[in-house]
Structures are given as structure tokens and as C-alpha cells.
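Residue numbers (my numbering): 263 to 480.
Have a look at the structure below before the remarks.
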């Protein structure tokens, strides 16, 4: 680009070109033409994003899949660094991206929403969200299986921080864990304050979980 601009300015007398940021361009436009540019108010958005509302269930599912996949990638690096995972993670990301991209359905989906063409194209689009959910759940479970046990009695559990900074955050434990009196202790045996929720889950604050690390709760 710099060479193109240099050659242009050396070849042509007008217009002279120069590289500018978007901010500089808009400021220059405002300075020169603010009094001439008309102002319009109201909704002037495109309609591509309407698809997100028409498929709210799948859109929500896909957003959860993207978050789950980030967690899974980090856990694989932490727990199974020797495993070659590029191809299977690429497959999952492909499903997520193909659902998120802007084309939502057939051109006739507005005028003929129940046509076979509309429904068949939507099935393909929907499959990206459904397959992405399945693949990301599988990848996350594969990582967690390396540190989990099939024992029916829960003796301890591990809180893993997949972020690059230390975290103190709220943790909820499933109701079916049946923790006796909701009592738990940290790694050094200090009691942790908990609260039993109406749905049976147990909530507590996990403090100072190290970045890309973990703590055991007993």
C-alpha cells in the first residue's frame, strides 16, 4: 500500500493520496462537510442479523459451544499436552463459525418459510449448531476424564482456573452430589462457608485459584 500511494502521487497531479486512520478520516469529513451532511435518525440496520432472533435456541446453543470449546482447548493443554488435537478442534470450530456466519437461510425464507427449499437449507444451518454442541461437549469431557473418577462417593473435587489470571469466583455444586450437611474444607482443612440453594445446589466462593492452575476441595 505505501508503494502504491507513493507511485500514484509521483504519477498524478490530483488527487493526492495519503494513509489515514478511520478516526482521522471521520474527523476530516466532519471538519469539512459537517454543515452539508444530512442527519437521519431511526433504524438503518441490515436484515442479516434477523436470523439470530429467528433461531434463538440454536444461537444460544452455539454461543455456549464457543465458550465450552475455549475451556476445552485450555484443559487439553493443561491436562493432555502430548495429545495431537489440532484436527478435532478445527472441526469443532468450523461448526461454530459456519453457524455464526451471516447467511441464515434460503432467499425465499421470508416469502415461503414452509417451502422444502427453506426447510432443507435451515436443516443444514441448524446442524452446525447441533454438531458443534456435541463435539465441544465430547472434547471437554475427554479432558475432564483424565482427572475424574467413577467412584459413586465424592471424596474431593478440583476447581480448575482456565484463565491466565488468578480468580476468586462463585462455584455451584450439583444437587445430586449429596454433600453431607453441605460441609466442605479447603486443601489445608479449613472449613469453607457454603449455602444450600432452593434447587438443591451448594454454592460457595472459591478464593485465589491460581492462573492456569487448580485447588482441591475436600
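C-beta: ideal position from N, C-alpha, C; glycine also.
Spatial distance of residue i from residue j (CA atoms)
| i | j | result |
| --- | --- | --- |
| residue 330 | residue 296 | 47 Å |
| residue 312 | residue 392 | 20 Å |
| residue 357 | residue 381 | 19 Å |
| residue 384 | residue 366 | 7 Å |
| residue 418 | residue 478 | 7 Å |
| residue 412 | residue 319 | 32 Å |
| residue 338 | residue 371 | 41 Å |
| residue 458 | residue 316 | 38 Å |
| residue 268 | residue 284 | 20 Å |
| residue 264 | residue 279 | 10 Å |
| residue 378 | residue 277 | 53 Å |
| residue 402 | residue 348 | 14 Å |
| residue 281 | residue 333 | 40 Å |
| residue 456 | residue 441 | 11 Å |
| residue 443 | residue 304 | 57 Å |
| residue 287 | residue 294 | 11 Å |
| residue 376 | residue 324 | 24 Å |
| residue 343 | residue 352 | 17 Å |
| residue 275 | residue 302 | 36 Å |
| residue 314 | residue 369 | 16 Å |
| residue 310 | residue 273 | 42 Å |
Member of the options whose CA lies at the smallest distance from the CA of residue i
| i | options | result |
| --- | --- | --- |
| residue 354 | 320, 480, 400 and 380 | 400 |
| residue 416 | 308, 439 and 398 | 439 |
| residue 463 | 449, 436 and 450 | 436 |
| residue 425 | 272, 319 and 335 | 335 |
| residue 395 | 348, 301, 321 and 304 | 321 |
| residue 341 | 420, 452, 328 and 454 | 420 |
| residue 327 | 422, 397 and 405 | 397 |
| residue 422 | 351, 476, 324 and 343 | 476 |
| residue 466 | 434, 451 and 453 | 434 |
Residues sharing a beta bridge with residue i, DSSP
| i | result |
| --- | --- |
| residue 431 | 468 |
| residue 457 | 465 |
| residue 477 | 421 |
| residue 447 | 453 |
Contacts around residue i, its chain only, beta-carbon distance under 6 Å, and the 5 residues preceding and following it disregarded
| i | result |
| --- | --- |
| residue 480 | 418 and 447 |
Residues near residue i by beta carbon distance below 7 Å, same chain, minus five either side
| i | result |
| --- | --- |
| residue 374 | 380 |
| residue 307 | none |
| residue 345 | 338 |
| residue 405 | 334, 337, 338, 341 and 342 |
| residue 271 | 278 and 279 |
| residue 461 | 437 |
Spatial neighbours of residue i in its chain, beta-carbon cut-off 8 Å, leaving aside the 5 residues before and after
| i | result |
| --- | --- |
| residue 291 | 299 |
| residue 409 | 341 and 420 |
| residue 449 | 477, 478, 479 and 480 |
| residue 350 | 397 and 401 |
Closer than 7 Å: residue i CB and nearest the ligand SAH heavy atom
| i | result |
| --- | --- |
| residue 311 | Ligands are entirely absent from the displayed structure, and the ligand SAH is therefore not among its contents. |
Specify whether the stretch 383 to 392 and the stretch 357 to 364 touch according to this definition: at least 3 beta carbon pairs, one from each stretch, less than 8 Å apart.
With contact defined as three or more Cβ pairs closer than 8 Å, the stretch 383 to 392 and the stretch 357 to 364 are in contact.
Inter-stretch contact (C-beta, 8 Å, three-pair minimum) for the stretch 467 to 476 and the stretch 426 to 435
A contact exists between the stretch 467 to 476 and the stretch 426 to 435.
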